[in-house]
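**Q** Note that the numbering used here has the sequence shown beginning at 3, numbered continuously upward. No residue lacks a Cβ here, since even glycine has one placed at the ideal position from N, Cα and C.
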Amino acid sequence: MDFSEPSEAVQIKSALDDFIEQEVAPLEQEHDRFLSKDYERHIVDETHRQVEEYREIQETIRKQSVEAGFYGMGMPEEVGGGGVDVLTRALVAEHLANRPPGFHDAILGGAGGPTPILLACDEQQREEYLEPLMAGEVTTCFALTEPAHGSDPHYMESTAEKDGDEWVIDGNKYWITNGPYADFAMVFARTSGEPGDYEGISAFLVDADNPGCSVERIHRTMGLTPGGQCELRFDNCRVGEHQVLGEIDRGFQTAMNWIGGGRINIAASSVGRAQFLLDLAVDYARDREVFGKPIGHRQGISFQLADLATEIEQVRQLYRYAAWKIDHGERARKEESMAKLKGAELYNEAADVAMQVHGGSGFMKDRPIERDYRTARVFRIFEGTDEIQRRTIARELI
Ligand SMILES: Cc1cc2nc3c(=O)[nH]c(=O)nc-3n(C[C@H](O)[C@H](O)[C@H](O)COP(=O)(O)OP(=O)(O)OC[C@H]3O[C@@H](n4cnc5c(N)ncnc54)[C@H](O)[C@@H]3O)c2cc1C
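Below, the structure is given as structure tokens:
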């Protein structure tokens with residue numbers, strides 16, 4: 003058993019630190035109102051859309067990241083990616099998450115960036131969609147969830163019907179991350195079979211300016227960066243045969259094959275955030291004196307920190323094991339879900355402990371903790387809720 007980090011991950015993390023210092027930090031200083039306690043008011047306009055200036059910063063960092071070779075690092079080299087394995091990609095995600103709020107989220111692209119689902123692209127689609135995406139010229143979004151179907155997307159009501167050599171898509175997609183800004187969407191719709199069938203769902207590549215495709219409204223969220231999610235509407239939206247991604251009727255399987263890697267990255271980011279919050283709380287516990295000595299000298303505080311440090315290490319090893327299994331060609335459905343489940347719980351616990359240790363000052367917007375406290379909650383909901391992760395784990399057991 004070797005618990006050391008792969009040397010490639012160590013090198014990438016160090017290069018990323020340099021990149022952030024040289025390229026990202028100056029932008030953070032120049033546009034610091036987007037990181038201030040009033041960040042939400044500055045990032046979006048009155049329609050709740052992210053303002054142009056904020057979008058441009060994201061684009062600048064994205065393109066610099068492409069040039070520096072970080073963007074799409076988890077994608078294979080044959081499509082212009084970095085070809086790093088799942089473990090290395092996750093270690094980098096943990097490292098990036100372990101920092102104060104900043105613009106570094108744009109470095110890897112998040113939900114709008116390169117995704118292995120697009121490896122299902124044929125030659126023409128690679129040229130038209132994947133290459134510009136890998137070059138940071140365009141962004142995308144993953145449109146699966148509907149108003150009535152989140153945990154059970156295979157019951158979706160969106161349809162795509164064949165009309166001559168076109169497909170006509172009708173339906174609504176909800177809470178789509180990067181939906182308001184994506185240049186094209188990966189849209190899932192039923193092409194055959196009955197509600198509840200896993201077969202019979204197909205994926206389509208739909209351009210944002212395709213007639214019949216529109217952003218219905220931008221959703222307002224409790225945490226995360228505001229203006230990131232929207233409702234997409236497809237109304238008699240006609241796309242060509244060349245916009246079918248992968249095999250017709252097998253789009254759901256295409257998406258599910260790749261969702262595990264996403265869950266591991268969420269677990270890794272949760273560990274990074276939790277470590278950041280723990281470190282803040284430890285520093286505060288050392289300095290803050292109450293009843294004549296530092297609060298860290300009281301077991302009521304120090305045991306909370308000890309428990310949190312232990313939980314962080316547990317989840318860290320769990321996501322690394324899940325990633326290691328995938329990299330060794332082993333099935334890891336159970337471990338991916340365990341890591342996502344425990345990672346989301348951990349992030350919430352860390353935000354709670356950090357706030358408790360900070361007392362009233364943790365509740366104030368002057369510190370980053372309240373932002374994490376709000377954002378952590380959605381980690382238990384998106385990319386499969388806690389209950390859906392437990393369902394997956396149970397299915398693997400029984
Ligand atoms: C901020 C944010 C960003 C998102 N981004 C995207 C995106 O980019 N693309 C996209 O397609 N979707 C996105 N989603 C949607 C997300 O994937 C869904 O919210 C999630 O899958 C849960 O679906 P739901 O909200 O409809 O809850 P529901 O499915 O209605 O579930 C409601 C409750 O019932 C529980 N439940 C459901 N089924 C079971 C069961 N069998 N056993 C026990 N309990 C059960 C759930 O766990 C939950 O607690 C996003 C959501 C949010 C909040």
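At 4 residues or longer, what runs of the alpha helix (DSSP H) sit wholly inside the region 236-301?
**A** 253-289
**Q** If contacts are defined as beta-carbon pairs under 8 Å, then Val317 and Val273 qualify, I think. What distance do you get, rounded to the angstrom?
**A** Position 315 of the sequence shown, counted from the first residue, corresponds to residue 317. Position 271 of the sequence shown, counted from the first residue, corresponds to residue 273. Confirmed, about 5 Å.
**Q** Within the region 65-108, note down every full beta strand (DSSP E) run reaching 3 residues or more, in order along the chain.
**A** none
**Q** Roughly how far, in whole angstroms, is the beta-carbon of Ser67 from the beta-carbon of Ile109, given that I think they are within contact range, below 8 Å?
**A** As a first step, residue 67 is located in the sequence shown; it is residue number 65 there, counting from the start. As a first step, residue 109 is located in the sequence shown; it is residue number 107 there, counting from the start. Yes, Ser67 and Ile109 are in contact; Cβ-Cβ is about 5 Å, under 8 Å.
**Q** Report yes if the C-beta of Ala205 is less than 8 Å from at least one heavy atom of ligand 1; otherwise report no.
**A** On the sequence shown, position 203 is the one that residue 205 refers to. Checking the Cβ of Ala205 against ligand 1 gives no.
**Q** I want to check one thing, is the minimum distance from the CB of Ala191 to the heavy atoms of ligand 1 below 8 Å?
**A** As a first step, residue 191 is located in the sequence shown; it is residue number 189 there, counting from the start. No.
**Q** Taking the beta carbon of Arg222 as the centre, do at least 16 other beta carbons fall within 10 Å, making it buried, or is it exposed?
**A** As a working note, residue 222 is residue 220 in the sequence shown. Exposed, because fewer than 16 other Cβ atoms sit within 10 Å of the Cβ of Arg222.
**Q** Which residues in the same chain as Phe365 place their Cβ atom closer than 7 Å to its Cβ, once the five residues preceding and following it in sequence are excluded?
**A** Taking the sequence shown and counting its residues from 1, one reaches residue 365 at position 363. Result list for Phe365: Met357, Glu372, in chain order.
**Q** Just to confirm, does Pro197 get its C-beta within under 8 Å of one of the non-hydrogen atoms of ligand 1?
**A** The residue you call residue 197 lines up with position 195 of the sequence shown. Checking the Cβ of Pro197 against ligand 1 gives no.
**Q** Taking 9 Å as the cut-off, decide whether the C-beta atoms of Pro228 and Val46 are in contact.
**A** Within the sequence shown, the letter at position 226 stands for residue 228. Within the sequence shown, the letter at position 44 stands for residue 46. Against a cut-off of 9 Å, the Cβ pair of Val46 and Pro228 comes out as a contact.
**Q** Going by DSSP, what residue range makes up the beta strand (DSSP E) through Leu226?
**A** For the purposes of this step, residue 226 is taken as residue 224 along the sequence shown, with counting starting at 1. That residue, Leu226, is in no beta strand (DSSP E); it is neither H nor E in DSSP.
**Q** For a cutoff of 9 Å on Cβ pairs, would you count Asp281 as touching chain B?
**A** Judged by its chain identifiers, the structure shown contains no chain B, having just a single protein chain.
**Q** With distances taken from CA atoms, which of Tyr323, Leu280, Tyr321, Lys327 is nearest Phe305?
**A** Here residue 305 refers to the residue found at position 303 of the sequence shown. Closest option to Phe305, Cα to Cα, is Leu280.
**Q** Roughly how many angstroms separate the alpha carbons of Leu343 and Ala308, rounded to a whole number?
**A** Locating residue 343 in the sequence shown gives position 341, counting from the first residue. Locating residue 308 in the sequence shown gives position 306, counting from the first residue. Rounded to the nearest angstrom, the two C-alpha atoms are 21 Å apart.
**Q** In this structure, how does DSSP classify Met3 when only helix, strand and coil are distinguished?
**A** Along the sequence shown, read from residue 1 onward, the residue named residue 3 stands at position 1. The answer is coil: DSSP assigns Met3 none of H, G, I, E or B.
**Q** Would the C-beta of Ala324 count as close to ligand 1, meaning under 8 Å from any of its heavy atoms?
**A** To locate residue 324, count along the sequence shown from 1; it is residue 322. Ala324: no, Cβ never under 8 Å from ligand 1.
**Q** Taking 8 Å as the cut-off, is the beta-carbon of Val380 closer than that to any non-hydrogen atom of ligand 1?
**A** Residue 380 sits at position 378 when you count from the first residue of the sequence shown. The answer is yes for Val380.
**Q** Which first and last residues belong to the alpha helix (DSSP H) in which Leu18 is found?
**A** In the sequence shown, the residue the question calls residue 18 occupies position 16. Note, Leu18: alpha helix (DSSP H), 9-21.
**Q** If we count the other Cβ atoms within 10 Å of its Cβ and call it buried at 16 or more, is Ile400 buried or exposed?
**A** Start at 1 with the first residue of the sequence shown, and residue 400 comes out as number 398. Exposed, since its Cβ has fewer than 16 Cβ neighbours within 10 Å.
**Q** Give the straight-line distance between the Cα atoms of Gly361 and Asp124, rounded to the nearest whole angstrom.
**A** Counting from one through the sequence shown, the residue named residue 361 turns up at place 359. Counting from one through the sequence shown, the residue named residue 124 turns up at place 122. Distance between the alpha carbons of Gly361 and Asp124: 55 Å.
**Q** Exposed or buried, Ala403, counting other C-beta atoms within 10 Å across all chains shown (16 or more means buried)?
**A** Not covered by the structure: residue 403. The range shown for the chain is 3 to 400.
**Q** Whole angstroms are fine: how far does the CA of Phe384 sit from the CA of Asn238?
**A** One-based indexing of the sequence shown puts residue 238 at position 236. One-based indexing of the sequence shown puts residue 384 at position 382. Approximately 28 Å, taken between the alpha carbons.
**Q** Expressed to the nearest angstrom, what Euclidean distance is found between the alpha-carbon atoms of Ile63 and Gly111?
**A** Translated into the one-based positions of the sequence shown, residue 63 becomes position 61. Translated into the one-based positions of the sequence shown, residue 111 becomes position 109. Approximately 9 Å, taken between the alpha carbons.
**Q** Kindly indicate which residue of Val53, Val380, Tyr349 has the alpha-carbon position closest to the one of Glu96.
**A** Within the sequence shown, the letter at position 94 stands for residue 96. Nearest C-alpha to Glu96: Tyr349.
**Q** Got a sec, what are the start and stop residues for the alpha helix (DSSP H) Leu29 sits in?
**A** Within the sequence shown, numbered from 1, the residue matching residue 29 stands at position 27. Element bounds for Leu29: 27-32.
**Q** If you reduce the DSSP assignment to three classes, tell me which class Val359 lands in.
**A** Stepping through the sequence shown from its first residue, residue 359 is reached at position 357. Assignment of Val359 by DSSP, reduced to helix, strand and coil, places it in the helix class.
**Q** Out of Gly195, Gly253, Cys232, which one is the CA nearest neighbour of Phe206?
**A** Within the sequence shown, numbered from 1, the residue matching residue 206 stands at position 204. Among Gly195, Gly253, Cys232, the Cα nearest to that of Phe206 belongs to Gly253.
**Q** Cβ-heavy atom distance between Glu80 and ligand 2 below 8 Å?
**A** As for ligand 2, it is missing from this structure, which binds only ligand 1.
**Q** Whose C-beta lies closer than 6 Å to the C-beta of Arg1 among residues of the same chain, with five residues either side of it excluded?
**A** An answer regarding residue 1 cannot be provided, because it is not within the stretch 3 to 400 covered by the chain.
**Q** With a cut-off of 8 Å, do at least 3 Cβ pairs link the region 86-93 to the region 31-50?
**A** Fewer than three Cβ pairs drawn from the region 86-93 and the region 31-50 lie within less than 8 Å of each other, which leaves the two stretches out of contact.
**Q** Residues in the same chain with beta-carbon distance under 6 Å from Lys65, minus the five sequence neighbours each way, listed in chain order, please.
**A** Counted from its first residue, the sequence shown places residue 65 at position 63. Excluding positions up to five away in sequence, the list reads Gly138.
**Q** To which residues does DSSP link Arg192 through a beta bridge?
**A** Within the sequence shown, the letter at position 190 stands for residue 192. Answer is Thr161, Ile203, bridged to Arg192.
**Q** Going by beta carbon distance, what residues of the same chain come within less than 8 Å of Asp354, once the five residues before and after it are set aside?
**A** Residue numbering aside, residue 354 sits at position 352 when the sequence shown is read from its first letter. Excluding positions up to five away in sequence, the list reads Tyr375.
**Q** Does the count of Cβ pairs from the region 72-84 and the region 318-336 closer than 8 Å reach three?
**A** no
**Q** For Ser204 versus Ala191, is the C-beta spacing smaller than 9 Å?
**A** Locating residue 204 in the sequence shown gives position 202, counting from the first residue. Locating residue 191 in the sequence shown gives position 189, counting from the first residue. Yes, the Cβ-Cβ distance between Ser204 and Ala191 is below 9 Å.
**Q** In angstroms with no decimal places, state the Cα-to-Cα distance between Thr142 and Val12.
**A** Start at 1 with the first residue of the sequence shown, and residue 142 comes out as number 140. Start at 1 with the first residue of the sequence shown, and residue 12 comes out as number 10. For Thr142 and Val12, the distance between alpha carbons rounds to 29 Å.
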